[in-house]
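Since the structure comes first, as structure tokens, the remarks are kept for the end.
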Amino acid sequence: MFNGTFNDLDHHQVASVVSCFVPCEKSSEQIRLRNELSKPMMQLQEAARKIAEVHTCCIITISPPISLVPMLDWEL
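Structure, rendered in structure tokens:
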């Protein structure tokens, strides 16, 4: 599902990447993403877009409706 996104990451990078799945309040603080994490972030956003596309095509109802891509947040 994540197309090998985590394969080349060390354990610190994996922790950083999976932290975007933890729900938290949106911050107005601008976070600078380290260069080595920008590719995994783009891969996760692409996976979220594909999941949302399949979700829409299959007419799967989620209550309340959510958008997966904006939920991927690097603020932790």
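Numbering (the working numbering), first residue to last: 51 to 126. Yeah, the Cβ is synthetic: ideal placement off N, Cα and C, and Gly gets one too. Fair warning: this is a prediction, and the values are worked out from it, not measured in the lab.
Length of the line joining the Cα atoms of residue i and residue j
i	j	result
Leu126	Val104	Legend: pLDDT at Leu126 = 48, less than 50; position of this residue unreliable, value from coordinates given subsequently. Those two C-alpha atoms are separated by around 28 Å.
Ile101	Phe52	11 Å
Val64	Phe56	6 Å
Cys74	Cys107	29 Å
Glu86	Gly54	15 Å
Val67	Pro90	7 Å
Glu181	Ser88	A question about residue 181 goes unanswered here, because the residues of the chain that appear run from 51 up to 126.
Asp60	Ile109	37 Å
Option nearest residue i by Cα separation, candidates the options
i	options	result
His62	Pro73, Arg84, Ser77, Gly54	Arg84
Met94	Gln80, Cys70, Leu59	A quick correction: the sequence has Leu, not Met, at residue 94. For Leu94, the nearest C-alpha among the options comes from Cys70.
Reduced DSSP category for residue i - H, G, I as helix; E, B as strand; rest coil
i	result
Ser88	helix
Lys100	helix
Cys107	helix
Leu83	coil
Ser77	coil
Val72	coil
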